[in-house]
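Structure first, then comments.
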Amino acid sequence: MIKPQLNIQLSDGQRIPQLGLGVWQASQDQARAAVRFALEEGYRHVDTAAIYGNEEGVGQGMRESGIPREQVFLTTKVWNDAQGFETTKQALDASLGRLQVDYVDLLLIHWPAPSRDLYVDTWKAMIDLQRQGKVRSIGVSNFNQDHLERLISETGVKPVLNQIELHPFLQQEEMRQHHQELKVHTQSWSPLGQGSALDHPAVLDLARKHSKTAAQIIVRWHLELGLIVIPKSVTPSRIRENFNVLDFKLDALDIAILTVLNADKRLGPDPASFA
Ligand code: NAD
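Per our numbering, the sequence shown starts with residue 16, numbered consecutively.
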């Protein structure tokens, strides 16, 4: 049975499934098994990165699933030490080789790493790579407003999305507003707060109210906010659970209850200084 998909149209015309699988901190073998299982369950979007060290496993899982390549939306990222014009092109070729694919659907600059001052050159390489067809869409991750504005003003090319840390304890209202003004989509990383949001009493109350799990409530919250979301799990039952969120809705009160959980609390590094 084909499960329903929510898709979002990006500014370059490509479509991205709104809900995908993240594989940070999964070994090659875990990534292989998780990607295969997720694709069999109906996921069509996988988020990896060169630095995760599991691109081979991701590619293997995609092939083992038997799902045609063109039906899967695959993202990888350029790590900080590969930033720069030529090095970005080499890094993408290396990723394509590990994944054993001809193209990725989305390539992201993983971090702006402003002290390296190379993200504009990296972006120019990515614009070329998109023209060459090795990458369908290009975007960024962990960019603050000033990084985004510089990228756009120096190249005239907007990223299709910015993948940022976003969960109930770090709701990023200002960045979301800025993205909306720029017509750049927001993608949430660590959407479950790396699991930390799952035992909050307010989330558990909503789970009881909807006869859903805490993880399903939070994934649904991201979807309701129009965010693109990539919860990570390597456990089959959780991969399935995180995807089964299309048969209920949160109402305005539920959203308000979750909105007050914001604490501007980062779990990851600060993009302004991380290098
Ligand atoms: P997450 O918020 O998705 O949480 C994952 C953890 O939550 C799992 O390891 C597991 O412990 C728990 N979990 C998942 N599903 C569960 C369920 N149904 N029930 C109970 N527990 C469950 O954290 P994440 O992995 O940090 O983020 C998701 C993805 O975002 C990553 O895998 C990666 O693809 C991406 N990411 C990107 C960046 C970046 O800099 N661009 C940084 C971090 C993560």
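Idealized CB from N, CA, C, for every residue including glycine.
Given a cut-off of 7 Å on the beta-carbon distance, is the pair residue i and residue j in contact?
| i | j | result |
| --- | --- | --- |
| Ile232 | Leu240 | no |
| Thr91 | Ser110 | yes |
| Ala64 | Leu36 | no |
| Pro174 | Val135 | no |
| His249 | Ala49 | Note that residue 249 is Val in the sequence shown, not His. Contact flag set, yes. |
| Val119 | Leu144 | no |
| Asn257 | Ala229 | no |
| Glu56 | Ser80 | no |
| Arg131 | Gln98 | yes |
| His237 | Ser203 | yes |
| Ser152 | Leu121 | yes |
| Trp39 | Tyr58 | no |
| Val155 | Ile179 | no |
| Leu114 | Glu164 | no |
| Val244 | Leu25 | no |
| His193 | Gln147 | no |
| Ala128 | Ala287 | no |
| Arg235 | Leu268 | no |
| Ala46 | Thr103 | no |
| Pro251 | Pro206 | no |
| Gly76 | Arg51 | yes |
Could you pull the DSSP bridge partners for residue i from this structure?
| i | result |
| --- | --- |
| Thr201 | Asn177 |
| Leu185 | His182 |
| Gln24 | Arg30 |
With H, G and I counted as helix, E and B as strand and the rest as coil, what does DSSP make of residue i?
| i | result |
| --- | --- |
| Arg30 | strand |
| Val234 | helix |
| Val244 | strand |
| His225 | helix |
| Gly283 | coil |
| Asn259 | coil |
| Leu265 | coil |
| Thr250 | coil |
| Ala271 | helix |
| Val172 | coil |
| Leu166 | helix |
| Ala290 | coil |
| Ala212 | helix |
| Ala217 | helix |
| Met16 | Its pLDDT being 48, under 50, Met16 is placed unreliably in this model, and the value from its coordinates should be taken loosely. Three-state DSSP puts Met16 in coil, outside helix and strand. |
| Arg191 | helix |
Would the C-beta of residue i count as close to the ligand GDP, meaning under 6 Å from any of its heavy atoms?
| i | result |
| --- | --- |
| Ile245 | The ligand GDP is not part of the structure shown, which contains the ligand NAD as its ligands. |
Could you give the uninterrupted runs of the beta strand (DSSP E) lying entirely in the segment 37–118, keeping only those of 3 residues or more? 60–62, 88–93
In the segment 119–163, which residue ranges form an unbroken alpha helix (DSSP H) of at least 4 residues, counting only runs that do not cross its ends? If we require 4 residues or more, the alpha helix (DSSP H) runs fully inside the segment 119–163 come out as 134–147.
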